[in-house]
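In our numbering, the protein residues as written are 320 to 732. Encoded as structure tokens, the structure appears first; notes follow it.
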């Protein structure tokens, strides 16, 4: 009620000032008609001078005198009318003033109901932080959130691999405490795109490893949960991210997902601080950089931070995995499955040889590891991952990129 009283009083004051400015007469100031009279009388004198000098003819002079005299009579009538108390031409229009006042009051109220929040109390910073924390603590669980999403059908492999994955599922169901079985099941289900069975198996991996679980174990579990919830960071995903962060507070992928959780919990200030640091640290070709660049300006505005998005930097040693040309694609459509597989293997071999001879970025190594996984060549994927870890030892951002490729290939262990 206090807000509405103050707002109404302010609106009425503004409307009154505008109405007064429109309706009050220019008291104490010369009437415009008096100024016109002086001008017209001066014009009569100039006409007489022009006729005397021969600048204009007598007939033209008489015509001009008649016109100016008519204007003098009109101006004199206006002046006498004003002096007798008649309505001054300088006075504003009262209906217009009333209309302006109505627009100010009604328009202000309408605008508030459009862009404001009627009945919403003022929120000091402490209150907003407390409400954000409450929202965070009471957000839906993984199961509750997934229940609102469309069902995800289980993807089944084809051929011989279908029988192998079926046997693996049966074996793990019979021996739930088999760590190696749970690891293989989580990786293979993830490679198939079955993220829900994958995160359940990875949860068992964390249970069985206990205190020996590493950063990548927790991160893999969190990523599977987030993917299953289509980007939502649930309390269960937060728990795995927190465990990973305790083991490595500087891990860039963990920090990215933690920032995403802060955004969803209405803490743009904390999220901006975390993502802005990640953006500065790079590298430009890191997979989390595009996602940060697309949202950080809005995040800065919500956080009240002055921020200018830096120009996008070209990625040093950008991935150079060469794909097939259009001609190759046309030829591939006529190939047998065996020939297509041979073509893919040839491309992967070329990439492997180039990395061995010239070196390359972490993204390229990650692609090579992942490609070996697609081909089912797990030993070479593991060997490439081990070699890349040695090359990029100490570079947390690069190691995180390598980990993603290793996870896709099922050799992250």
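Where a beta carbon is used, it is the ideal one built from N, C-alpha and C, also for glycine. Just so we're clear, the structure is a prediction, and the values are computed from it rather than from any experiment.
Quick test of your reading: residue 537 and residue 527, contact by CB under 8 Å. State the CB separation rounded to the nearest angstrom.
As a first step, residue 537 is located in the chain shown; it is residue number 218 there, counting from the start. As a first step, residue 527 is located in the chain shown; it is residue number 208 there, counting from the start. At roughly 14 Å, the Cβ-Cβ gap does not stay under 8 Å, so residue 537 and residue 527 are not in contact.
Specify whether the segment 327-339 and the segment 375-385 touch according to this definition: at least 3 beta carbon pairs, one from each stretch, less than 8 Å apart.
The segment 327-339 is not in contact with the segment 375-385.
Measuring CA to CA, which of 518, 522, 391 and 429 is closest to residue 327?
Counted from its first residue, the chain shown places residue 327 at position 8. Measuring from the Cα of residue 327, the nearest candidate turns out to be 429.
So residue 394 and residue 356 are in contact, right, with Cβ under 8 Å, and what is the actual spacing, rounded?
On the chain shown, residue 394 is found 75 positions in, with the first residue counted as 1. On the chain shown, residue 356 is found 37 positions in, with the first residue counted as 1. 5 Å between Cβ atoms; contact.
Taking DSSP as the reference, what is the three-state secondary structure of residue 364?
Looking up residue 364 in the chain shown gives position 45. Helix, per DSSP.
In angstroms with no decimal places, state the Cα-to-Cα distance between residue 333 and residue 579.
For the purposes of this step, residue 333 is taken as residue 14 along the chain shown, with counting starting at 1. For the purposes of this step, residue 579 is taken as residue 260 along the chain shown, with counting starting at 1. Distance between the alpha carbons of residue 333 and residue 579: 45 Å.
Give the single residue among 598, 629, 484 and 672 whose Cα lies nearest to the Cα of residue 517.
Residue numbering aside, residue 517 sits at position 198 when the chain shown is read from its first letter. Of the listed residues, the one whose Cα sits closest to residue 517 is 484.
CB-CB length for residue 584 against residue 454, believed under 8 Å
Walking along the chain shown from the start, residue 584 turns up at place 265. Walking along the chain shown from the start, residue 454 turns up at place 135. Indeed they touch by this definition, with Cβ atoms about 6 Å apart.
Whole angstroms is fine: what's the gap from residue 360's alpha carbon to residue 391's?
In the chain shown, counting from the first residue as 1, residue 360 sits at position 41. In the chain shown, counting from the first residue as 1, residue 391 sits at position 72. Residue 360 and residue 391: Cα-Cα distance of roughly 8 Å.
Alpha carbon of residue 573 to alpha carbon of residue 563, nearest angstrom:
Along the chain shown, read from residue 1 onward, the residue named residue 573 stands at position 254. Along the chain shown, read from residue 1 onward, the residue named residue 563 stands at position 244. Those two C-alpha atoms are separated by around 7 Å.
Report the residue from 680, 702 and 715 whose alpha carbon sits nearest the alpha carbon of residue 725.
Residue numbering aside, residue 725 sits at position 406 when the chain shown is read from its first letter. It is 702.
N- and C-terminal bounds of the alpha helix (DSSP H) containing residue 480:
Translated into the one-based positions of the chain shown, residue 480 becomes position 161. Residue 480 -> alpha helix (DSSP H) spans 479-493.
Alpha helix (DSSP H) segment containing residue 591, residue limits
Sequence index remark: in the chain shown, residue 591 carries index 272 (1-based). Where residue 591 is concerned, the enclosing alpha helix (DSSP H) stretches over 587-600.
Identity of the residue in 601, 604, 609 and 586 nearest residue 624 by Cα
Counting from one through the chain shown, the residue named residue 624 turns up at place 305. The residue with the shortest Cα to Cα distance from residue 624 is 586.
By Cβ distance, which residues of its chain are closer than 7 Å to residue 717, with the 5 residues on each side in sequence left out?
Translated into positions along the chain shown, residue 717 becomes position 398. If we look at residue 717 and ignore the five residues flanking it on each side, its Cβ neighbours are 681 and 711.
Using a Cβ-Cβ cut-off of 7 Å (strictly less than) and excluding sequence neighbours within five positions of residue 494, which residues of its own chain qualify?
Position 175 of the chain shown holds residue 494. Excluding positions up to five away in sequence, the list reads 500.
Ignore the nearest five residues each way along the sequence and tell me which others in residue 522's own chain have a CB closer than 8 Å to its CB.
Within the chain shown, the letter at position 203 stands for residue 522. The residues are 540.
Leaving out five residues before and five after residue 630 in sequence, what residues of the same chain have Cβ atoms less than 8 Å from its Cβ?
Along the chain shown, one-based indexing puts residue 630 at 311. Hits under 8 Å: none found.
Through-space distance from residue 432 to residue 422, alpha-carbon basis
By 1-based counting over the chain shown, the position of residue 422 is 103. By 1-based counting over the chain shown, the position of residue 432 is 113. Looking at the two C-alpha atoms, the distance is approximately 15 Å.
Do you know offhand how far residue 510's Cα is from residue 688's?
Numbered from 1 along the chain shown, position 191 holds the residue referred to as residue 510. Numbered from 1 along the chain shown, position 369 holds the residue referred to as residue 688. Cα-Cα distance, rounded: 13 Å.
Nearest-angstrom Cβ-Cβ length linking residue 664 and residue 694, presumed shorter than 8 Å:
Position 345 of the chain shown holds residue 664. Position 375 of the chain shown holds residue 694. That pair is a contact at about 6 Å.
Could you say if the segment 450-468 and the segment 543-550 meet the contact criterion of at least three C-beta pairs nearer than 8 Å?
yes
With DSSP collapsed to three states, give me the class of residue 628.
Within the chain shown, the letter at position 309 stands for residue 628. Of the three classes helix, strand and coil, the one that applies to residue 628 here is coil, per DSSP.
Take residue 530 as the anchor and find which of 507, 566 and 721 has the nearest alpha-carbon.
The sequence position of residue 530 within the chain shown is 211, counting from 1. Residue 566 is the option with its Cα nearest to residue 530.
Let me make sure I understand the geometry here. Which of 457, 515 and 401 has the alpha-carbon closest to that of residue 473?
Position 154 of the chain shown, counted from the first residue, corresponds to residue 473. Looking at the Cα atoms, 515 is the closest of the given residues.
Residue 424 versus residue 418 - alpha carbon distance:
Indexing the chain shown from 1 puts residue 424 at position 105. Indexing the chain shown from 1 puts residue 418 at position 99. For residue 424 and residue 418, the distance between alpha carbons rounds to 10 Å.
For residue 628, which residues from the same chain have a beta carbon less than 8 Å from its beta carbon, with the 5 sequence-adjacent residues on both sides left out?
Residue mapping note: residue 628 aligns to position 309 of the chain shown, counting from 1. Cβ within range, chain order: 612, 615 and 616.
Residue 556 versus 590, 622, 569 and 461, residue with shortest Cα-Cα distance:
As a working note, residue 556 is residue 237 in the chain shown. Per the Cα distances, 461.
Reduced DSSP secondary structure (H/G/I, E/B, other) of residue 698:
Along the chain shown, one-based indexing puts residue 698 at 379. If DSSP states are grouped into helix, strand and coil, residue 698 belongs with the helices.
Secondary structure at residue 322, three-state DSSP: helix, strand or coil?
Against the chain shown, residue 322 aligns to sequence position 3. It is helical.
Terminal residues of the continuous alpha helix (DSSP H) containing residue 457?
By 1-based counting over the chain shown, the position of residue 457 is 138. Neither: residue 457 is in no alpha helix (DSSP H) and is coded neither H nor E.
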